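Residue numbers (the numbering used here): 10 to 185.
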């Protein structure tokens, strides 16, 4: 098997490659979480002090949804903010998620990726230079190119957390 990034046929070359990096990481997320029980999806690590897999997937979904709307040059509708948000709870942490099925979390994430794919088919490689705001207060600036790369990188970053949670969960299960 040869691993490579191939752009989508209906996307500009660089846009397609960046999209494929996001898509590959979303596919990898499904492999990383495959076979998790509801208890493991909700597990918050030793002493219950970390973000659960459910919280991390919901976070990835909401962050990526925000990037889709930045890429489209549109404001995120309030209905989607209510459905997928908030970004943080009142303590500045990822909002609690408990009892939400892994399939539902991944299906919601897939829906956002479908929106991203549609948005990327509208982009040219030159559009990647467009600067957009991001951050909790829209205080940061980035190009759309960086935003697409960030989506892929951010996903992998939290996959490392999920892998650690899985390791701790397995160790805990073996000692019980």
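Don't be surprised by glycine CBs; every beta carbon is placed ideally from N, CA and C. As the structure is a prediction and not an experimental result, all values here were calculated from the model.
Within the same chain, 104 come within 7 Å of residue 95 by CB-CB distance, once the 5 residues on both sides are set aside.
Secondary structure note for residue 150: its beta strand (DSSP E) is the uninterrupted segment 149 to 152. According to the DSSP secondary-structure assignment, residue 143 is paired through a beta bridge with 149.
Between residue 50 and residue 30, the CB-CB gap reaches or exceeds 8 Å. Judged by their CB atoms, residue 20 and residue 111 are not nearer to each other than the 8 Å cut-off. Distance from the Cα of residue 118 is smallest, within the candidate group 52, 151, 48, 76, for 76.
The beta carbon of residue 145 sits closer than 8 Å to those of 96, 97, all from its chain and outside the five residues before and after it, given in chain order.
Out of 12, 162, 26, the CA that lies nearest to the CA of residue 133 is found in 26. Taking residue 156 as the centre and dropping the five residues before and after it, the same chain places the C-beta of 76, 79, 80, 141, 143 closer than 8 Å to its C-beta, in chain order. Counting the other Cβ atoms within 10 Å of the Cβ of residue 68 gives 16 or more, which makes it buried. Non-local beta-carbon contacts of residue 56 in its own chain, meaning distances under 7 Å to residues more than five positions away in sequence, are absent.
Listed in chain order, the beta strand (DSSP E) runs fully inside the region 75 to 154 are 140 to 143, 149 to 152, counting runs of at least 3 residues.
A direct Cα-to-Cα measurement between residue 178 and residue 58 gives close to 13 Å. Sequence-distant partners of residue 22 (beyond 5 residues in either direction) whose C-beta falls short of 6 Å from its own C-beta, in its chain, are 16.
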